[in-house]
Structures are given as C-alpha cells and as structure tokens.
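Just below is one structure, and these are the notes that go with it.
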Amino acid sequence: MSISFLVQSRHRAVALVFVAGLGWPAAQAQPSVPWTPGVAARHAIELLVDEAGLDLTTTQWPLPLAAVVQALDALPATLPPPLDAAREQVRRELQAQQHSQLSLTVRPATDALSGFGDDATPGSSLAVRSAVAQGPRLALQLGGRITSHANADRPGAAFRLDETALVTEALGVELQAWTHRAWWSPGWQNALALSQNAPAFSGIGLQRASASTSDSRWLAWMGPWNLAAFIAQTEDVQQPANPFLVGARLTLRPFRHAEIGLTRTAQWGGRGRHPSVGSLLRLVTGAGSNADTEGQQAADPGNQMSGFDLRVRCPTGLACAVYGQLIGEDEAGHLPSRYLGTYGIETWTADGSDRFFAEYAETGCGSPVGKAPMRGCAYRNYAYPEGYVSAGRWIGASAGPDSRLFTLGWIDGAGRGSVRLHLGSIGSRIGTYSPLDRDPQHSGRLLGLTLQHRLAWGAATVTPELDWSRLDTPSGVRNQTRLGMHLRMDLDQPADAAGRGLADALSGSQPAWNRALVGAGLVVGAAMLDRPLDDYAQHHGSTPSAKALRRVGDLLPVAGLGLAGLSWLLRDDPAQRTVDQAALLASATAAVTATAVKFVVNRSRPSAGQGAADFSGTQRASSAFPSVHSALAWAVLTPYAQRYDAPWLYGLAALTNAARVSGRQHWFSDTVGGALLGYAAGDHFARRSADTDHAPGARLWLTPQSVVFQMPL
0 MSISFLVQSR HRAVALVFVA GLGWPAAQAQ PSVPWTPGVA ARHAIELLVD EAGLDLTTTQ
60 WPLPLAAVVQ ALDALPATLP PPLDAAREQV RRELQAQQHS QLSLTVRPAT DALSGFGDDA
120 TPGSSLAVRS AVAQGPRLAL QLGGRITSHA NADRPGAAFR LDETALVTEA LGVELQAWTH
180 RAWWSPGWQN ALALSQNAPA FSGIGLQRAS ASTSDSRWLA WMGPWNLAAF IAQTEDVQQP
240 ANPFLVGARL TLRPFRHAEI GLTRTAQWGG RGRHPSVGSL LRLVTGAGSN ADTEGQQAAD
300 PGNQMSGFDL RVRCPTGLAC AVYGQLIGED EAGHLPSRYL GTYGIETWTA DGSDRFFAEY
360 AETGCGSPVG KAPMRGCAYR NYAYPEGYVS AGRWIGASAG PDSRLFTLGW IDGAGRGSVR
420 LHLGSIGSRI GTYSPLDRDP QHSGRLLGLT LQHRLAWGAA TVTPELDWSR LDTPSGVRNQ
480 TRLGMHLRMD LDQPADAAGR GLADALSGSQ PAWNRALVGA GLVVGAAMLD RPLDDYAQHH
540 GSTPSAKALR RVGDLLPVAG LGLAGLSWLL RDDPAQRTVD QAALLASATA AVTATAVKFV
600 VNRSRPSAGQ GAADFSGTQR ASSAFPSVHS ALAWAVLTPY AQRYDAPWLY GLAALTNAAR
660 VSGRQHWFSD TVGGALLGYA AGDHFARRSA DTDHAPGARL WLTPQSVVFQ MPL
C-alpha cells in the first residue's frame, strides 16, 4: 500500500517538499545535536508556546538543540513567574543534554503501553552518553546502550549507539548521522506513524537548523516551522531482510494558535526488494504505489503511510488545546485513505504546575470515530509480512494495530511524575508484533495504569515506575504488573559538592541504613542485566577489543596498588602519603571483606554454566560474589578521586568491572557489589585521612621482616 503526500498530484507533492526544504535563506548557523525533551520539559515548551508566543513547533521531536535555545532567547526578558519558571526548566534540561550521563534501567522483560517520553524497550539496560563536543562546523555526541533484547520473545542482549549524533550545517540545513528515537505527533500517548515504542534507529537525515519563523517574506507566512527527512536501518526484520525506514515531516504554525503537521513514512528495500536509487525515486514520487495486482506489486517500491495532524489552542482565556492525527494506510484519488486516528484534548493550570489530557486512538483502518475498522490492514503489508516493525516492535502506536485506546493522563509540571489510566481494547499485542490472526492470550478488553515518580539526589535522579494491566482475553483474564526503576546520573557534576548525586548517597555522610538500601537496590538492579550481559560476552568476548579490555581491566587493580605503595614509600609530602595510606588501607579492607562475603554467598561463576541464580559453588573462596578485582580497583582509586576532584578515575575503575564481565569471570551484579564495597572502603578511609583532628582508625607500617596492618574493630 502506498500513497502520495496529501496533495492531488504526487508530482506537486514532491515540489512542495522541495520548495519548503530548500527555499529558506542561506543563513549560517552553528550545528547542534538533536534533542527531545522529557515529559515535563515538553509541557513547559507547550506552556510557553500557548501563553508566551514561543516561536517554536511542538509536535515534531527531536529538533536541533540550538533551534530550541534560539527560540527561548527570543522571548522577552521579563515573563510572568509561571512562564519564567517554565523557561528555566527547559534551559536546565537543555544544559543537561550537553553533559555526560550514566543511566541504568531495571525491570523485567514484559511489555507495557508507552507514550511520549517513555523508554518502551522491555527489560533492563545500561547506557552512557558523552558531553557534546561543539565546533563551528561540527557537533558530536557519543552514546552507547546495552540492553536485554527489545523483544521479550527473543532473549539475548543488544548494543546500540543510543544518543550518538554527528552533525554538520550549511546554508541553514543540518546534515545528521544519529541513533535515536523520534516522536511525530501532537499526542501524549499515541504517535501513529513514528513513536518511541521501537528501539532507537541508526540513520542519516536532513533537518532545518531552526524551527522559528523564517526571515524570508516568501516563507514568513508559515510561522515557526521545521522540515526533517531521513533514512534509517530497521533491525531484526527477515522478510525481507534488512529493510530501511524512510520518513519526512513538515510542521508549521501559520496561525498563532494552530500547528499543522504533514507526515510520510515508508518501509523500503530489503533483500529481494531491489533497494536501488531508481526504486527510492519511485518511492519519493509515488510511482507504482497502491499496488493491487501481482504485476503492480512487482513495481511497488515500498510500504508507505501518510497523513496529517493538527493542534489548535482554545480561544484566549481558556487554558486548553485540542489535537488530532490521521494517518492513512492506503490511497484513494492521490490522497490518504483508510485512516488510523488519534484525538485529544489537554488543559493546564494557571500556574503551569499541572497538565491534564484525554486522548482516544483507533489503530484499525477506518477512522474517524464511528466507522467499523478493517482488521488486518493497519501496520500490515503484503511486501513486509512481519509488519510495520523494527526489532519486532511496532514503529507506530504501542497499542498495536486494530486497537481502541482511551487514556486519561496527569503530568506534574515540575517533573516529579505522571499518571495515566488506560481503557479500551487491544486487537493484536501491546508493543510487540504478533501474527495477523487474533492472539487469544494478548488481545481483549483492557484496563491499565502507568505511574512514574521522580526522586532527586542532586546530580542523580531515581524514577520508580509501575505499569499494571488487566486484559480480558478469549483465553481468560490476564493480570500483569511491571515494577521498574530508572537511575540517571550527571557525570559532569563536581565530585566534592556536598549532598549531590549517587556518590553522596553511598558516602559515609549518610546513615548506614540509607547506604545499605541504596547499595542493595543497585545490586538487585544490576542482577537484571546478568544474563543479557553474559550472553553478549559469550558472543563478543573473542574480539580483539574485548581481549584488550580484559588485559587492561585485570591489570588495573594490581597497578593501582603498586603505584600507591611506591608513592607511600618514596614521597616525603605528608598530605600525599596520607592519601596513599588511605588507598592502601581501603584496598586491604575491601579485599578481606570481599573474600569473607564470598564464603557466605557462594555464588557460581558464569563459566560454571549453572546460571546466575545458583549459590552452590564448589569452592567458596573463589566463588563469584562479590568481585575482588572490582573491589580493589574502586578502593584504591576512590581516595585519589575525592582528594584531587578527579571523577574520571571512577570511569577507570569501571574498566575492571567491564573486563570481569567480558571474560565471564563474574556476573555483572558481582562487579557492582565489588565496586560498592570498594567505594565504601575508599570513601571511609579518604574521609578519615582528611580529618586532621581524628587519628586514623587503622595503621599500616613496614618492619625489616614484615608488613603490619592494624585496624581496631
């Protein structure tokens, strides 16, 4: 099924995109990485658009980060307090996007309804992202994420370059290479053509560098606008193998209170589908589309979807907006047909502290509301029998095809959380592809709840999440509860800032029960990644880079101890020797404690083949939990990291964790347990050594015949 781009002539459609894409003035701008706001920041942006006239579109994400900064800077210096607070909230999140960051998500590999801002991929994951490297012609950000497989039916681990972007700019256009998710919709729960339900795509694209009103008198009528086009690689699709996803979207606000979006996406290519330049041109122009006969299907370049959306602010004085999106699965008279639809209304409080929305979606061909939908049409195509998917997950709405979903939502404007209540019917399977025939275990009447609450610890935030659903299926009632936790930590915060971040939550300045609770939570969370990371190590552990990592990581604790010992013996500076002694005492304490814990826990190592839940190892002294290597690395480096404000040393210690997992000597949670033990010991002795009024509780000295270590109990 293939359609043209919302005008009566497909050739005029191409001309429209060409003129809009190349017609703006050739202004020079600094390139910037793509940015998608969190839920609270998007709420703040919409508040500024509706109440302060922010010159920015709101229904297409990501946008270039500099485009959002430009629009914020153009606002009046003085705004009413709620709007000024909203502006500052967006600025804080923009600043955080440019910092390096560590993220840990812990939850089972079960699906749940996902909306804007949700990390929909089931299972646990660990991600890291660098700070933005910015130059006059180039912007670069590197990221990586390892996760249990995106499809719970396909176990294993996957690595992606999430939040990686390389961007250059010329003549007001950005050329981008990236790995990220996107959201093309005015809705909060549903995006029918491109949502955040599938894992991040890797692709290349063009995008307007600004999203504000053009200076050209020929284009100023569009108001704030943006145009993006891309081609990306889908994952784990075998029929045909390795197809691409092609997309283009134009958003504009020609009237102050009305924003319009035009969207076109297509599955294209794949083994046996002849992904040639000519085929791509036929796709763009719509030639050979809407195939019916076998002869026409042979020339059909791909499976296309196209449509439009509209968001309209209520008349002045009413704090509300209505929105809708229609995406066609077929074509009639050069226009989309067989629509999927989303319809919603949203309102916000006068002080901007809360936003409420009600949204209804029909994902069966045959919207608008009231028409009988055609089953087996939405997100399906003869040329792509595995559906409109990537990594086995729907690229469009997370409810999947042939569903009807009503959602009531509340968003806390301060970013502390959100609540969504779902009612309706599921026609296929939430989140994940299922065959065309009705799935009796995963389809039926739905009642669901999604709840998130954000807790801040300075540079770190912890977000517990609850997803509950009750599905009345033909095979019986199916209740499912998914509990999870998301930890995000800014790695660019100063290490010595009191009361900041996860490091302080684990330090000696906190009560013992608090440190134990946080540490236990991290170990339990890490255990969710034990099997996926071990699977990844089995499949990639023989690569040259993995072997080099193991050599460096295994050597690091020994080298650290040796250098600390030499420095303590040879240096005359009392302050330096105090740090050296703290590192040596911490290492000795961590090693003794870790060995004692091994005897108690007696966990089998991955190489034993008994699984992560086996605690009947034959040799207690060499059992898995915790990792002594990790404990030593963190213990010896923590005093130096704290004394000299060098948080990068923690990253060096983490190489040992990665090496032990890569070599299958330990489960991931073993190395986390060892790291926490080593950090606690290093933090304890670093604090005692820094207290000049407190004699050290432990001592280390040499005699001609021995090395003596003494610690009061």
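With numbering that gives the first Met the number 0 as the guide, the letters of the sequence shown map in order to residues 0 to 712. Idealized CB from N, CA, C, for every residue including glycine.
Residue(s) in a DSSP beta bridge with residue i
| i | result |
| --- | --- |
| residue 376 | For residue 376, which the question treats as bridged, DSSP gives no partner whatsoever. |
| residue 489 | 100 |
| residue 261 | 249, 307 |
| residue 326 | 306, 339 |
| residue 447 | 421, 468 |
| residue 591 | Paired residues: none, contrary to the question. |
| residue 478 | 469 |
| residue 202 | 177, 231 |
Under the three-state DSSP convention, the category residue i falls into
| i | result |
| --- | --- |
| residue 94 | helix |
| residue 656 | helix |
| residue 385 | coil |
| residue 666 | coil |
| residue 552 | helix |
| residue 141 | coil |
| residue 131 | coil |
| residue 606 | helix |
| residue 242 | coil |
| residue 394 | coil |
| residue 232 | strand |
| residue 177 | strand |
| residue 80 | helix |
Cβ pair residue i, residue j closer than 8 Å
| i | j | result |
| --- | --- | --- |
| residue 66 | residue 240 | no |
| residue 48 | residue 116 | no |
| residue 387 | residue 381 | no |
| residue 192 | residue 395 | yes |
| residue 143 | residue 118 | no |
| residue 663 | residue 564 | no |
| residue 407 | residue 392 | no |
| residue 713 | residue 231 | No answer is possible for residue 713: the residues shown for the chain start at 0 and end at 712. |
| residue 260 | residue 208 | no |
| residue 248 | residue 233 | no |
| residue 581 | residue 638 | yes |
| residue 485 | residue 462 | yes |
| residue 652 | residue 548 | no |
Residue i versus the options, residue with shortest Cα-Cα distance
| i | options | result |
| --- | --- | --- |
| residue 123 | 557, 530, 590 | 530 |
| residue 348 | 419, 335, 412, 338 | 412 |
| residue 488 | 685, 104, 82 | 104 |
| residue 414 | 169, 353, 314 | 353 |
| residue 361 | 339, 585, 449 | 339 |
| residue 401 | 389, 416, 425 | 425 |
| residue 182 | 33, 486, 147 | 33 |
| residue 93 | 69, 680, 270 | 69 |
| residue 80 | 350, 470, 375 | 350 |
| residue 223 | 256, 625, 642 | 256 |
| residue 308 | 345, 334, 250 | 250 |
| residue 99 | 106, 114, 132 | 132 |
| residue 473 | 447, 439, 460, 454 | 439 |
| residue 189 | 652, 429, 685 | 429 |
| residue 54 | 73, 661, 36 | 73 |
| residue 590 | 335, 326, 624, 610 | 624 |
| residue 422 | 112, 35, 46 | 112 |
Same chain, Cβ closer than 6 Å to residue i, neighbours up to 5 away in sequence not counted
| i | result |
| --- | --- |
| residue 322 | 185, 310, 343 |
| residue 121 | 108, 109, 110, 151 |
| residue 577 | 688 |
| residue 229 | 202, 204, 246 |
| residue 493 | With a pLDDT of only 49 at residue 493, under the threshold of 50, the placement of this residue in the model should not be trusted; the figure read from the coordinates follows. Counting only Cβ-Cβ distances below 6 Å, and skipping sequence neighbours, we find nothing. |
| residue 471 | 443, 444 |
| residue 722 | An answer regarding residue 722 cannot be provided, because it is not within the stretch 0 to 712 covered by the chain. |
| residue 60 | 35, 182 |
Chain-order list of residues whose beta-carbon lies under 7 Å from that of residue i (same chain, five-residue window excluded)
| i | result |
| --- | --- |
| residue 31 | 63, 64, 65, 138, 166 |
| residue 586 | 560, 631, 634, 635 |
| residue 101 | 127, 488, 490 |
| residue 175 | 33, 164, 166, 203, 204, 206 |
Neighbourhood of residue i by C-beta distance below 8 Å, restricted to the same chain and skipping five residues each side
| i | result |
| --- | --- |
| residue 601 | 614, 615, 616, 619, 622 |
| residue 787 | Summary: the structure shown does not reach residue 787, with the chain confined to residues 0 through 712, and so no result is reported for it. |
| residue 22 | Bear in mind that a pLDDT of 44 at residue 22, under 50, signals an unreliable position, so the number given afterwards is only what the model happens to contain. Same-chain partners within the cutoff: 215, 217, 218. |
Cβ-heavy atom distance, residue i to the ligand PLP, below 7 Å
| i | result |
| --- | --- |
| residue 312 | Although the ligand PLP was asked about, the structure shown includes no ligands whatsoever. |
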